[in-house]
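>
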Amino acid sequence: MKYSQKALNISASPTLAIDSLAKKLKEAGENVIGFGAGEPDFDTPDNIKYAAVSAIVKGYTKYTPVAGINCLKEAIAKYYKENYAVDYSPDEVVVSNGAKHSLMNVFFALLNDGDEVLLPSPYWVTYPELIKLAGGKVVVVPTTKEKNYKITVSDIERYATSKTKALVLNSPSNPTGMVYTYDELKQIVEFCIEREIFVISDEIYDKLIYDGKKHISAASISEKAKEFVIVVNGVSKSYAMTGWRIGYTLSNKELAKIMSNLQSHTTSNPNSIAQYAAYEALVGPQDSVKKMICEFEKRRDLIYSLVNDTKFLSALKPEGAFYIWVDISDTIGKSFEGKLIDSANTFAKLLLEVEKVAVVPSEGFGMENHIRLSYATSEKNIREGVERIKRFVEKLT
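Read in the working numbering, the sequence shown has 1177 at position 186, and its numbers run on one by one without any break.
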C-alpha cells in the first residue's frame, strides 16, 4: 500500500463540497442560492477586530504557551463558571486551532485502536472521520423524527459494549437544531458515569438558542461529571469568527495535559493574534451576539414556516444553531423529467442542476431522506431559495 490506509478511508466533507460547487457555479455567472453554509453571514464585531490589530501593534506575534495564553484560558473558565456554574481552572483548559482541532485532540487523547465511540445520527459529518483517524470504531446510534432526533439511556444501553469508550453529544445540534433538556442530559450523563463512558459534549452553538430556552452544559450535571465530560467549544459560531480558528476544551486536568502534549507536537500554539481577539470576544461587549441571535430566530421562524408549507417536505422547528433538518421522504421514489429520486444525494444534485439551489444531503450525516438547510443567509435568499425548492418538488411525478 503506497499511502496511509487511515488517510485513504477518510472522505471529503460533503458540507464543504456542496459549498465549493455552489461557489464555482456562482463564479460561472449562475444565480445560485446556497443553503450549505456552516458559518454566520455576519462580520466579526469591530471590538474583536480592533483587539487583533492592537495585538499586532503590541508585538504579540511570537509563540505562546502551547495550550493558550493564560488570560484567555482564565476567561474561558470564567465563562463556564458564570454561565453554567461549572468550576474549571485554567490548567483544565486547552485552546486549539478551531473546535475541529479540539475534537481531534480529544479523540487522539482518548482512543486506543478498536475503542468504540457511540455516535447519535444524524451527526456532524466530521465526527466519524476523526474517530476513524484516531483508531476508534464508530458505533452509530440512530434517532428518529418522532423522538426529536435525540437519544435516550435505552438507546445507549442497546448499543454500548465492553469496548465503549465514549459518547458524542452535540447540543444544540448540527444538523437538526435540537437541544437536550436538563433532565435528558442528566439521565444520559449519569448513566455514562456509572459505566465509565466519557461524554464528549460539543457545545459550539451554546449561545445560539431560541424561544427563551437555555443551554445546559453536560459538565454541569454533577461534580463527578467533570471527570468524564469533555466540553468542546469555541468562538467561531457565536462571534462570527469562523476564519480565526480558535476552539477549546475543558476537561479533567490529566486529560488536558495529554491534549496539551499532543498539540505541542502537532501544531504548537494556536494563532497568537486570534487568541487575543478571542479573549476580547469573551470579555468584551455582547451586544452583537444578542443581535445575531435575534436575527437568526426571525430567519428560523421564516424558513420553518416556508418549508412546512411546501409539498412533500416537513421539518421540526429548530431550537438552536442555524440549521433546519428537512424530511424529504415523500419525494423518494418520485421522478423529475424521467430521473428517479432514489436518495437525498440525487434530490440535492437535481435541485442544484435545475433550480440552482445548494442544499446538503443527509447521507454524510448518517441518515437517509433528509436535507440540511442553513438559514445563515438573508431573508431574501431564504424566501427565493425555498420558492425554487417548492417549484422543483411541484414538478415531481
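Backbone N, C-alpha and C define an ideal beta-carbon position, used for all residues, glycine too.
The structure presented is a predicted model; accordingly, all values stated were derived computationally and were not measured.
1. Taking 7 Å as the limit between beta carbons, can you name the residues of its chain near Thr1152, skipping five residues before and five after?
2. Counting pairs of Cβ atoms below 8 Å between the stretch 1277–1289 and the stretch 1048–1057, do you hit three or more?
3. Taking the beta carbon of Asn1061 as the centre, do at least 16 other beta carbons fall within 10 Å, making it buried, or is it exposed?
4. Please report the Cβ distance between Asp1193 and Leu1160, rounded to the nearest whole angstrom; I am assuming they are in contact, meaning their Cβ atoms lie under 8 Å.
5. Among Gly1127, Val1220, Phe1182, Lys1302, which one has its Cα closest to the Cα of Asp1146?
6. Does the separation of the CB atoms of Asn1000 and Lys1123 fall below 9 Å?
7. Taking the alpha helix (DSSP H) that Gly1225 belongs to, which residues open and close that run?
8. For Glu1328, is the classification buried or exposed, using 16 other Cβ atoms within 10 angstroms of its Cβ as the cut-off for buried?
9. Compute the Euclidean distance between the alpha carbons of Asp1104 and Phe1098, then round it to the nearest angstrom.
10. Nearest CA to the CA of Thr1322: which residue from Asp1174, Asp1292, Glu1359, Leu1273?
11. Classify Gly1376 as helix, strand or coil using the three-state DSSP reduction.
12. Taking DSSP's pairing of strands, which residues face Ser1365 in a bridge?
13. What do you reckon, are the CB atoms on Lys1244 and Leu1016 nearer than 9 Å?
14. Apart from the five residues on each side of it in sequence, which residues of its chain come closer than 8 Å, Cβ to Cβ, to Asn1096?
15. Quick check: the Cα distance between Thr1167 and Asn1299, rounded to an integer number of angstroms?
16. So Gly1025 packs on Ala1013, CB below 8 Å; how close in whole Å?
17. Answer yes or no: do Pro1113 and Ser1369 have a C-beta to C-beta separation smaller than 9 Å?
18. Please report the residue range of the alpha helix (DSSP H) in which Ile1284 lies.
19. Considering only the beta carbon of each residue, do Gly1225 and Ile1195 sit closer than 9 Å?
20. Cβ of Ser1279 within 9 Å of Cβ of Pro1036?
21. Could you have a look at Leu1109 and say whether DSSP puts it in helix, strand or coil?
22. Output yes or no for whether 9 Å exceeds the beta carbon distance between Lys1136 and Phe1189.
23. Taking contact to mean at least 3 C-beta pairs separated by less than 8 Å, is the stretch 1331–1348 in contact with the stretch 1375–1382?
24. Can you tell which of Gln1266, Arg1382, Asp1034, Tyr1314 has its C-alpha closest to the C-alpha of Leu1343?
25. Leaving out the 5 sequence neighbours to the left and right, which residues in its chain are closer than 6 Å to Ala1367 when beta-carbon positions are compared?
Looking at the atomic coordinates:
1. Numbered from its first residue, the sequence shown carries residue 1152 at position 161. Glu1107.
2. The stretch 1277–1289 is not in contact with the stretch 1048–1057.
3. Taking the first residue of the sequence shown as position 1, residue 1061 is located at position 70. Classified as exposed, Asn1061 has fewer than 16 neighbouring CB atoms from the shown chains inside 10 Å of its CB.
4. Mapped onto the sequence shown, residue 1193 falls at position 202. Mapped onto the sequence shown, residue 1160 falls at position 169. That pair is a contact at about 7 Å.
5. Residue 1146 sits at position 155 when you count from the first residue of the sequence shown. With distances taken between Cα atoms, Asp1146 lies closest to Phe1182.
6. Looking up residue 1000 in the sequence shown gives position 9. Looking up residue 1123 in the sequence shown gives position 132. With respect to the 9 Å criterion, Asn1000 and Lys1123 are classified as neighbours on the basis of their beta carbons.
7. As a first step, residue 1225 is located in the sequence shown; it is residue number 234 there, counting from the start. Unbroken run through Gly1225 is the beta strand (DSSP E), 1220–1225; no alpha helix (DSSP H).
8. Start at 1 with the first residue of the sequence shown, and residue 1328 comes out as number 337. It counts as exposed.
9. For the purposes of this step, residue 1104 is taken as the residue at position 113 of the sequence shown. For the purposes of this step, residue 1098 is taken as the residue at position 107 of the sequence shown. About 11 Å.
10. By 1-based counting over the sequence shown, the position of residue 1322 is 331. Here the closest residue by C-alpha is Glu1359.
11. By 1-based counting over the sequence shown, the position of residue 1376 is 385. Reduced to three states, the DSSP call for Gly1376 is helix.
12. Counting from one through the sequence shown, the residue named residue 1365 turns up at place 374. Bridge partners of Ser1365: Tyr1314.
13. The residue labelled residue 1244 in the question sits at position 253 within the sequence shown. The residue labelled residue 1016 in the question sits at position 25 within the sequence shown. No, the Cβ-Cβ distance between Lys1244 and Leu1016 is not below 9 Å.
14. Position 105 of the sequence shown holds residue 1096. Within the same chain, Asn1096 has close Cβ partners Val1085, Ser1087, Thr1240, Met1250, Leu1253, Gln1254.
15. Against the sequence shown, residue 1167 aligns to sequence position 176. Against the sequence shown, residue 1299 aligns to sequence position 308. Rounded to the nearest angstrom, the two C-alpha atoms are 15 Å apart.
16. On the sequence shown, position 34 is the one that residue 1025 refers to. On the sequence shown, position 22 is the one that residue 1013 refers to. Gly1025 to Ala1013, Cβ: 4 Å. Contact.
17. For the purposes of this step, residue 1113 is taken as the residue at position 122 of the sequence shown. For the purposes of this step, residue 1369 is taken as the residue at position 378 of the sequence shown. Not in contact: Pro1113 and Ser1369 (Cβ atoms no closer than 9 Å).
18. Position 293 of the sequence shown, counted from the start, is the residue given in the question as residue 1284. Segment 1278–1299, the alpha helix (DSSP H) holding Ile1284.
19. For the purposes of this step, residue 1225 is taken as residue 234 along the sequence shown, with counting starting at 1. For the purposes of this step, residue 1195 is taken as residue 204 along the sequence shown, with counting starting at 1. Contact flag set, yes.
20. As a working note, residue 1279 is residue 288 in the sequence shown. As a working note, residue 1036 is residue 45 in the sequence shown. Contact check for Ser1279 against Pro1036 passes: the beta carbons are separated by less than 9 Å.
21. Position 118 of the sequence shown, counted from the start, is the residue given in the question as residue 1109. DSSP places Leu1109 in strand when its eight states are reduced to three.
22. The residue given as residue 1136 occupies position 145 in the sequence shown. The residue given as residue 1189 occupies position 198 in the sequence shown. Going by C-beta atoms, Lys1136 is not nearer than 9 Å to Phe1189.
23. yes
24. Here residue 1343 refers to the residue found at position 352 of the sequence shown. With distances taken between Cα atoms, Leu1343 lies closest to Arg1382.
25. Indexing the sequence shown from 1 puts residue 1367 at position 376. Only Ala1028, Pro1031, Asp1032, Phe1313 meet the Cβ criterion.
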